[in-house]
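Let me begin by presenting the structure, written as structure tokens, before commenting on it.
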């Protein structure tokens, strides 16, 4: 699966993201996923190095990735 990066603002400090997890994002995540490959749906609070990450889902397929993107109206 190619790497795609989609986001949508939730409020002033939070962004909903649909993207691969970088090592920096994993370090700031609420949990450490067993399998870090592929794409994840996660909420990011803040920006930069100290942004906290709450992982919501591991996306199973490219088809699911695009369905979620459309459902959440991400760009």
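Residue numbers (our numbering): 2 to 76. Think of the CB as a built atom: it goes at the ideal place given N, C-alpha and C, for glycine as much as any other residue. As the structure is a computational prediction, the values presented were derived from the model and not from experiment.
Buried or exposed by the 16-neighbour rule on C-beta atoms within 10 Å, applied to residue i
| i | result |
| --- | --- |
| residue 72 | exposed |
Nearest neighbour of residue i, chosen from the options [CA to CA]
| i | options | result |
| --- | --- | --- |
| residue 46 | 6, 10 and 14 | 14 |
| residue 24 | 12, 37, 49 and 4 | 37 |
| residue 57 | 76, 63 and 17 | 17 |
Own chain partners of residue i with C-beta closer than 8 Å, once the 5 adjacent residues on each side are dropped
| i | result |
| --- | --- |
| residue 60 | 19, 39, 40, 41, 42, 66 and 69 |
| residue 51 | 29 |
Any non-hydrogen atom of the ligand SAH within 6 Å of residue i CB
| i | result |
| --- | --- |
| residue 40 | Here there are no bound small molecules, and the ligand SAH is not part of this structure. |
Cβ neighbours of residue i in the same chain (closer than 6 Å, five flanking residues each side left out)
| i | result |
| --- | --- |
| residue 26 | 54 |
Alpha-carbon to alpha-carbon, residue j and residue i
| i | j | result |
| --- | --- | --- |
| residue 74 | residue 9 | 7 Å |
Contacting residues, own chain, Cβ-Cβ under 7 Å from residue i (five flanking each side not counted)
| i | result |
| --- | --- |
| residue 6 | 20 |
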